[in-house]
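**Student:** Take this structure first; my questions come after.
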Amino acid sequence: MQKYEESFESFLENFKNTVSKLGFKNSIQKDYILKILYFNDEHLSAEQIANIAKTEYKVDMGIATVYRTVKFFEELNIINSLDIGDGAKRYELNLSLHHDHMICTSCNKIIEFNDDVIEKQQLKVAKDNSFILSDHIMTIYGVCEDCQ
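If you want this note's numbering, it's the position in the sequence shown, counting the first as 1, plus 324.
So, in C-alpha cells, the structure goes:
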C-alpha cells in the first residue's frame, strides 16, 4: 500500500514531539526502529528489525529493546501488528490507508488488499445488528499462487 506523502524527517519530528508531549522519552533505538519500518515495505518481525538495525545501520540493539519499543509503538497506534500464525508478530507503520491482509500458510507471504464490497458488507452487517462499528481487522489465510 502507498504511504502518505510525508518525508521521514517530518514524520520523525512529529513522532518526537508527540512522544515528548505525552511525557515519554525519545531514544536513538526508537528512531532507528521507525526508520527501518518507514523504509521497508515488508511486514517485519522483531528479529528482522534487530537484524536490519545491525546489518544496515550498524546499530546493535537487543531483541528485548525491539520488543519493548514495538509494544510502545502499538500502544500509541503508530504501528500495526499482524499475527501470521508462525509465532512471530509482523509489524508495519500505520501510515497507509486502511487495508486487509491475505497470508499464505505455505510461505508466509503477506498480500495487502482493499475491497470496497467487503467494506460495505461489514458496515451493513454491523448496522443490521444495531452495532456501531469502530474498526476491524480482516486476515484471510490460504495458499498463494506461487505455492499452489
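We put the beta carbon where it would ideally sit given N, CA and C, even for glycine.
Rounded to whole angstroms, what's the CA-CA distance from alanine 450 to asparagine 375? Just pull it up for me.
**Tutor:** 42 Å
**Student:** For leucine 336, I'd like the list of residues in its chain whose CB is within less than 6 Å of its CB, leaving aside the five on either flank, ordered along the chain.
**Tutor:** For leucine 336, where only same-chain residues beyond five positions count, there are no Cβ hits under 6 Å.
**Student:** Quick check on this structure: which residue in Tyr391, Ile357 and Val343 has the alpha carbon closest to the alpha carbon of leucine 400?
**Tutor:** Val343
**Student:** Could you give the distance in angstroms between the alpha-carbon of lysine 354 and the alpha-carbon of lysine 340?
**Tutor:** 10 Å
**Student:** Just tell me which of Ile464, Leu358 and Asn338 has its CA closest to the CA of isoleucine 442.
**Tutor:** Ile464
**Student:** Assuming contact is defined by CB atoms lying nearer than 8 Å, are cysteine 431 and glycine 466 in contact in what I supplied?
**Tutor:** no
**Student:** For serine 331, which residues of its own chain have a beta-carbon under 8 Å away from its beta-carbon, when the five flanking residues on both sides are left out?
**Tutor:** none
**Student:** Look up asparagine 404 in the DSSP assignment and say whether it is helix, strand or coil.
**Tutor:** strand
**Student:** Starting from the C-beta of tyrosine 328, find all residues in its chain whose C-beta is less than 7 Å away, skip the five residues before and the five after it, and write them out in chain order.
**Tutor:** For tyrosine 328, the predicted model reports a pLDDT of 49, less than 50, meaning its position is unreliable and no value from the coordinates is stated.
**Student:** Beta-carbon separation of leucine 406 and histidine 460 under 8 Å?
**Tutor:** No, these two residues do not count as a Cβ contact at 8 Å.
**Student:** In the stretch 334-397, which residue ranges form an unbroken alpha helix (DSSP H) of at least 4 residues, counting only runs that do not cross its ends?
**Tutor:** 352-362 and 370-381
**Student:** Using a threshold of 7 Å, is the CB atom of isoleucine 435 nearer than that to any non-hydrogen atom of the ligand FMN?
**Tutor:** What this structure holds is no ligand at all, so the ligand FMN is not there to describe.
**Student:** Give the straight-line distance between the Cα atoms of methionine 325 and asparagine 438, rounded to the nearest whole angstrom.
**Tutor:** Low confidence applies to methionine 325: its pLDDT is 41, below 50, so where it sits in the model is not reliable enough to give any reading.
**Student:** Per the DSSP calculation, methionine 426 is bridged to which residue(s)?
**Tutor:** Ile435 and Ile464
**Student:** Give the secondary structure of leucine 421 by DSSP, where H, G and I count as helix, E and B as strand, and everything else as coil.
**Tutor:** Leucine 421: coil per DSSP, three-state reduction.
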